[in-house]
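Student: Below are the C-alpha cells for one structure; questions will follow.
Protein chains: 2
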Amino acid sequence: MGNELPKVGQEPARRAALVSATISEIGQAGSLDVTVGQIAKRAGMSPALAHYYFATKDAIFLAAMRHILTEFGLLVRAGTARARTPSERLNAIIDASLSSEQFADEIVAAWLVFYVQAQRSPEAARLLRVYARRLHSNLMHSLTALVSRSHAHSIAEGMASMIDGIYIRHALQDSAPDRPRARALVRDYLRLTVAEAGARLDPTH
Amino acid sequence: MGNELPKVGQEPARRAALVSATISEIGQAGSLDVTVGQIAKRAGMSPALAHYYFATKDAIFLAAMRHILTEFGLLVRAGTARARTPSERLNAIIDASLSSEQFADEIVAAWLVFYVQAQRSPEAARLLRVYARRLHSNLMHSLTALVSRSHAHSIAEGMASMIDGIYIRHALQDSAPDRPRARALVRDYLRLTVAEAGARLDPTH
DNA sequence: TTTTCCTGATTGATCAGTCAATAAAAAACC
DNA sequence: GGTTTTTTATTGACTGATCAATCAGGAAAA
Numbered sequence: 017m018g019n020e021l022p023k024v025g026q027e028p029a030r031r032a033a034l035v036s037a038t039i040s041e042i043g044q045a046g047s048l049d050v051t052v053g054q055i056a057k058r059a060g061m062s063p064a065l066a067h068y069y070f071a072t073k074d075a076i077f078l079a080a081m082r083h084i085l086t087e088f089g090l091l092v093r094a095g096t097a098r099a100r101t102p103s104e105r106l107n108a109i110i111d112a113s114l115s116s117e118q119f120a121d122e123i124v125a126a127w128l129v130f131y132v133q134a135q136r137s138p139e140a141a142r143l144l145r146v147y148a149r150r151l152h153s154n155l156m157h158s159l160t161a162l163v164s165r166s167h168a169h170s171i172a173e174g175m176a177s178m179i180d181g182i183y184i185r186h187a188l189q190d191s192a193p194d195r196p197r198a199r200a201l202v203r204d205y206l207r208l209t210v211a212e213a214g215a216r217l218d219p220t221h
Numbered sequence: 017m018g019n020e021l022p023k024v025g026q027e028p029a030r031r032a033a034l035v036s037a038t039i040s041e042i043g044q045a046g047s048l049d050v051t052v053g054q055i056a057k058r059a060g061m062s063p064a065l066a067h068y069y070f071a072t073k074d075a076i077f078l079a080a081m082r083h084i085l086t087e088f089g090l091l092v093r094a095g096t097a098r099a100r101t102p103s104e105r106l107n108a109i110i111d112a113s114l115s116s117e118q119f120a121d122e123i124v125a126a127w128l129v130f131y132v133q134a135q136r137s138p139e140a141a142r143l144l145r146v147y148a149r150r151l152h153s154n155l156m157h158s159l160t161a162l163v164s165r166s167h168a169h170s171i172a173e174g175m176a177s178m179i180d181g182i183y184i185r186h187a188l189q190d191s192a193p194d195r196p197r198a199r200a201l202v203r204d205y206l207r208l209t210v211a212e213a214g215a216r217l218d219p220t221h
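Protein sequences appear in the order of chains A and B.
When you read off a place in the first sequence, starting at 1, and then add 16, the result is the number in the working numbering.
When you read off a place in the second sequence, starting at 1, and then add 16, the result is the number in the working numbering.
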C-alpha cells in the first residue's frame with residue numbers, strides 16, 4: 017500500500033507552536049485549566065486547527081510534557097558528556113536539574129502541574145516514572161563508583177527528593193532557595209553522605 | 017445588633033462532613049476536578065445544601081486545606097511538647113511531617129493538589145506560606161541551639177525541601193521511599209549537616 | 001411565626017470536539 | 001503544458017455535555 021505522502025510541511029511547525037503555547041499557558045495559569053482556545057490563540061491558529069493536529073486536549077498536554085522531559089534529558093546528557101570523573105558527573109546532573117532553563121517559572125509551574133496530572137493520567141504517570149527512573153539510574157551509575165550499592169541507593173533517593181522539593185518550593189515563590197543556594201544545598205548533601213559512607217576513591221571498578 | 021441566633025446545630029457537622037468528603041474526593045480523583053455534586057453526595061447531602069453552607073466551591077477547597085494544615089499543626093505541637101532537647105524536638109518535627117496520617121495517600125494527593133492551587137489562588141498561597149514559614153521557624157528555633165544562624169538557615173531549607181520532595185515522590189507512588197526510610201533519610205541529613213557545622217552541644221543558650 | 005435546614009428544578013456559561021466548506025498546493029492524468 | 005483530482009491546511013459555526021450557582025418552595029424546630 018501507501019507510498020510516502022507528500023508533505024507541505026506545516027505540521028511540525030504547528031505542533032511545536034502548540035506545545036510551546038501549552039507550556040506558556042499552563043505556566044501562566046498555574047494549572048491545567050487552560051482551554052484549547054487559549055492555547056490555539058497563543059499559537060496563532062484557530063481551536064479547530066489545534067484539534068486537527070492533536071486528537072484531544074490530553075494529547076496536547078502529553079506532547080508538552082514529553083517536550084519538557086526531552087529537553088531535560090538533553091541537558092543532562094550535554095552536561096555529563098563533558099564530565100570525566102564520577103564526582104564531576106554527579107555535579108553535572110545536579111547542575112542540569114537546577115539549570116536556569118529548568119528553573120524558569122513557566123517550566124517549574126508546568127512540572128508541578130504535570131505531577132498532579134500524573135495522578136490521573138496513566139500515560140503522564142508513565143512519562144514521569146521514566147524521568148524518575150533515569151535520574152535514579154544516572155545517579156546510581158556514578159555513586160556506585162564511590163560508595164556501596166545500598167549507600168548509593170539512599171543517597172540517590174535523598175538527592176532526588178531534595179531536588180524535587182526545591183522545585184515545589186520554588187513554584188511557591190516565597191522562601192525558596194535561589195539557584196546557587198539550591199545547588200550548594202544538594203552538593204553539600206552529596207559530599208557529606210558520600211564522605212560518611214566511606215569514600216573508596218579507587219577507580220578499580 | 018443581632019442577638020445570638022438560635023442554632024439547631026447541624027452546621028458544624030455538615031461543614032465537617034463536606035471538608036472530609038472534599039479531601040477524599042480530591043485524593044481519589046488526584047485533582048481539583050471534582051464537582052460540588054460529587055462532594056455533596058459523599059457527604060450525604062444535596063449539592064444545593066453544600067452551597068448553603070459554603071458560598072462557592074473555592075470556599076470548600078480552602079476549608080479543606082485549612083483543615084489539613086490545622087491537623088498538621090496539631091501533630092507537630094503534640095510531638096514537640098514531649099521533646100526535651102533541641103535534638104528531640106527536631107526529630108519530633110520530622111516524625112510529624114512524615115507521620116502515617118500525613119502519609120495517607122489521600123492526604124498526600126490533596127497536598128499536591130493544593131500546591132498547584134496555590135499558584136492561582138492567593139488565599140491558598142497564603143495558607144501554604146503560613147505552613148512553610150511555621151515549619152521553617154520551628155526548625156530554626158531548635159537548630160540555632162545547635163549551630164550558627166546561617167548554618168541553621170541552610171539546614172532548615174534542606175530539610176524542608178527534602179520532606180516536600182519525599183511527598184511529591186510518594187504521590188507518584190513508584191520509587192518513593194517508604195515511611196521509615198524517609199525518616200532515616202531526613203534524620204541522616206540533619207545529623208550530618210549539624211555535625212559538620214560544628215556542633216556545640218552546650219546548653220548555655 | 002421566625003429561623004434554620006433542606007431539596008428538586010432551573011439557568012447560564014463554558015468548552016471539547018465535530019463538521020461542512022474553502023483554498024491552495026501537489027500529483028496524476030491526458 | 002494544461003486540466004483534473006487528491007491531499008493538506010484552515011476556519012467559522014455548531015452541538016452536546018457538564019456544572020457552579022440560584023431560587024422558589026417546603027418542613028421541622030424554637
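Ideal Cβ placement from N, Cα and C applies to all residues, glycine included.
Which residues in chain B have a C-beta closer than 7 Å to the C-beta of glutamate 173 (chain A)? List them in chain order.
Tutor: Ordered by position in chain B, the residues that pass the 7 Å Cβ test against glutamate 173 (chain A) are Pro193, Leu201.
Student: Any beta carbon of chain B sitting closer than 9 Å to that of arginine 238 (chain A)?
Tutor: Here chain A comprises residues numbered 17 to 221, so residue 238 (chain A) is not present and cannot be evaluated.
Student: For a quick check, are the C-beta atoms of alanine 192 (chain B) and isoleucine 182 (chain B) less than 9 Å apart?
Tutor: In contact: alanine 192 (chain B) and isoleucine 182 (chain B) (Cβ atoms closer than 9 Å).
Student: I'd like to know if valine 132 (chain A) contacts chain B, where contact means its C-beta is closer than 9 Å to some C-beta of that chain.
Tutor: True, the Cβ-Cβ gap to chain B drops below 9 Å.
Student: By Cβ distance below 6 Å, which residues in the same chain neighbour histidine 186 (chain A) in space, the five residues on each side in sequence not counted?
Tutor: For histidine 186 (chain A), where only same-chain residues beyond five positions count, the Cβ hits under 6 Å are Val124, Ala192.
Student: Please list the terminal residues of the continuous alpha helix (DSSP H) segment that includes serine 177 (chain A).
Tutor: Note, serine 177 (chain A): alpha helix (DSSP H), 165-187.
Student: Are the C-beta of glutamate 212 (chain A) and some C-beta of chain B separated by less than 9 Å?
Tutor: Yes, glutamate 212 (chain A) lies at the interface with chain B (some Cβ there is under 9 Å from its Cβ).
Student: Determine whether the beta carbon atoms of alanine 126 (chain B) and isoleucine 84 (chain B) lie at a separation below 9 Å.
Tutor: Closer than 9 Å, so yes.
Student: Near arginine 30 (chain B), which residues of its chain fall below 6 Å by C-beta distance, leaving aside the five closest residues on each side in sequence?
Tutor: So the list reads Tyr69, once near-sequence residues are dropped.
Student: Is the region 51-67 of chain A touching the region 111-123 of chain A in the sense that three or more CB pairs, one from each, lie closer than 8 Å?
Tutor: Result no; under three Cβ-Cβ pairs closer than 8 Å.
Student: Using only CA atoms, which one of A:His152, A:Ser153, A:Tyr131, A:Asn154 lies nearest to leucine 143 (chain A)?
Tutor: Selected option, being the one with the closest Cα: A:Tyr131.
Student: If distances are taken between C-alpha atoms only, which option among B:Ala213, B:Asn107, B:Ala141 comes closest to valine 202 (chain B)?
Tutor: Measuring from the Cα of valine 202 (chain B), the nearest candidate turns out to be B:Asn107.
Student: I'd like to know if the region 70-78 of chain A and the region 153-161 of chain A are in contact, where contact means that at least 3 CB-CB pairs between them fall below 8 Å.
Tutor: Cβ pair count under 8 Å is below three, so no.
Student: Using a C-beta to C-beta distance shorter than 8 Å, which residues of chain A count as neighbours of alanine 125 (chain B)?
Tutor: Within 8 Å Cβ-Cβ: Gln135.
Student: Please state whether DSSP places glutamine 26 (chain A) in a helix, a strand or coil.
Tutor: Note: glutamine 26 (chain A) maps to coil in three-state DSSP.
Student: Taking only beta-carbon atoms, is alanine 176 (chain A) less than 9 Å away from chain B?
Tutor: Yes, because at least one Cβ of chain B sits closer than 9 Å to the Cβ of alanine 176 (chain A).
Student: On the CB-based measure, 16 or more other CB atoms within 10 Å of its CB, does threonine 86 (chain B) come out buried or exposed?
Tutor: Threonine 86 (chain B) is exposed by the Cβ-count criterion.
Student: So which residues of chain A does alanine 187 (chain B) contact, with C-beta pairs closer than 9 Å?
Tutor: The answer, in chain order, is Tyr131, Val132, Ala134, Gln135.
Student: Under DSSP, the alpha helix (DSSP H) around leucine 95 (chain B) begins and ends at which residues?
Tutor: The sequence shown places glycine at residue 95 (chain B), not leucine. Here the alpha helix (DSSP H) through glycine 95 (chain B) covers 73-98.
Student: Run through chain A and tell me which residues come within less than 9 Å of alanine 45 (chain B), C-beta to C-beta.
Tutor: Ordered by position in chain A, the residues that pass the 9 Å Cβ test against alanine 45 (chain B) are Gln135, Arg136.
Student: Looking at the unbroken alpha helix (DSSP H) that takes in threonine 209 (chain B), where does it start and where does it end?
Tutor: Looking at the DSSP string, the run of the alpha helix (DSSP H) that includes threonine 209 (chain B) is 195-212.
Student: Relative to the alpha-carbon of proline 301 (chain B), which residue among A:Ser170, A:Val50, A:Glu104 has its alpha-carbon at the smallest distance?
Tutor: Given a span of 17 to 221 for chain B in the structure shown, any question on residue 301 (chain B) remains unanswerable.
Student: For proline 102 (chain B), count the other beta carbons within 10 Å of its own beta carbon; 16 or more makes it buried, fewer makes it exposed. Which is it?
Tutor: Classification of proline 102 (chain B): buried, given that the 10 Å Cβ count is 16 or more.
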